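Per this note's numbering, residue 1 is the first one in the sequence shown, and the count goes up by one each step.
Glycine included, each C-beta is placed from N, C-alpha and C at the ideal position.
This one's a predicted model, so the numbers in the text were calculated from it and none came from an experiment.
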Amino acid sequence: MSLAEREAFLADIHVGVVSIGREDKAPLTVPIWYDYALGGKVWMITGASSLKAAVLASTDQISLVAQTEAPPYKYVSVSGKYTTRDVAEGELEAMAIRYLGEDQGHAYAKAASTGNDFVVEFEPTSWLTVDYSKM
Numbered sequence: 001m002s003l004a005e006r007e008a009f010l011a012d013i014h015v016g017v018v019s020i021g022r023e024d025k026a027p028l029t030v031p032i033w034y035d036y037a038l039g040g041k042v043w044m045i046t047g048a049s050s051l052k053a054a055v056l057a058s059t060d061q062i063s064l065v066a067q068t069e070a071p072p073y074k075y076v077s078v079s080g081k082y083t084t085r086d087v088a089e090g091e092l093e094a095m096a097i098r099y100l101g102e103d104q105g106h107a108y109a110k111a112a113s114t115g116n117d118f119v120v121e122f123e124p125t126s127w128l129t130v131d132y133s134k135m
């Protein structure tokens, strides 16, 4: 994929698969909602008491894969050094609306807000891509 194609693909709505390395174990690899703006950072929200949060505490690296679920298959895999920050007002709701639509997104955000969530974000420094429609 070209730079424009891979960024557009990553910015589209896909359930991502995040992978975080662990010492003496296989990486933690789980599905997650994420967002990405062209040329910006990948960001996701997780809870402070989640397994993701515990594993993140032992590394500064993170990877995410976004893929299609039907032929012709495509994927974008990105990695980088992450940082964390507080969830800004409206971010949980915006993420929920992105994945669930307006009505369900508002309801989900209202029910899921715990007050102990945080944002994990990273600028992709490594990209791997495949677009099987071009083969």
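What are the partner residues of residue i, as DSSP defines its beta bridges?
i: Y75; result: Q67 and V130
i: G80; result: I62
i: V119; result: I45 and R85
Rounded C-beta distance between residue i and residue j? I'm assuming under 8 Å.
i: V15; j: L56; result: Wrong, their Cβ atoms sit about 19 Å apart, outside the cutoff.
i: S126; j: S79; result: 4 Å
i: D117; j: V87; result: 5 Å
I'd like to know whether the C-beta atoms of residue i and residue j end up nearer to each other than 9 Å.
i: I20; j: S63; result: yes
i: T129; j: E5; result: yes
Look at the alpha carbon of residue i and the alpha carbon of residue j, and state the distance between them as a whole number of angstroms.
i: A8; j: A66; result: 11 Å
i: Y132; j: P72; result: 6 Å
i: V30; j: V17; result: 5 Å
i: T83; j: F122; result: 6 Å
i: Q61; j: G40; result: 17 Å
i: H106; j: L28; result: 29 Å
Which ranges does the beta strand (DSSP E) cover as unbroken runs of at least 3 residues, wholly within the stretch 8-75, from first to last along the chain?
-> 16-20, 28-32, 42-47 and 61-67
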